[in-house]
Amino acid sequence: MYFYSGYGIHGTYWHDNFGTPMSHGCINLTIDDPEWLYNFSDIGTPVKIHH
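For the sequence shown, the residue numbers in our numbering are 69 to 119.
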């Protein structure tokens, strides 16, 4: 799910160091989390990213 340029929210199978900077801007989720997020959110739900 891309939200700006090449940045996105996606599942990540190549690491399990969540909470440690591992990306240049994407939000990395566990493999199961994107499905939960998709089912939880309605289309048009605002997404606010805070660093």
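The beta carbon of each residue, even a glycine, is placed where N, CA and C say it ideally should be.
6 Å Cβ shell around residue i - same chain, five flanking residues per side excluded
| i | result |
| --- | --- |
| residue 111 | none |
| residue 97 | 79 |
Inter-residue spacing [alpha-carbon to alpha-carbon] between residue i and residue j
| i | j | result |
| --- | --- | --- |
| residue 79 | residue 115 | 17 Å |
| residue 102 | residue 108 | 10 Å |
| residue 105 | residue 84 | 18 Å |
| residue 75 | residue 87 | 18 Å |
| residue 118 | residue 89 | 14 Å |
| residue 113 | residue 92 | 24 Å |
Counterpart residues of residue i in DSSP-defined beta bridges
| i | result |
| --- | --- |
| residue 107 | Per DSSP, none; premise fails for residue 107. |
Residues of its chain near residue i, where Cβ-Cβ distance is below 7 Å and the 5 sequence neighbours each way are ignored
| i | result |
| --- | --- |
| residue 81 | 99 |
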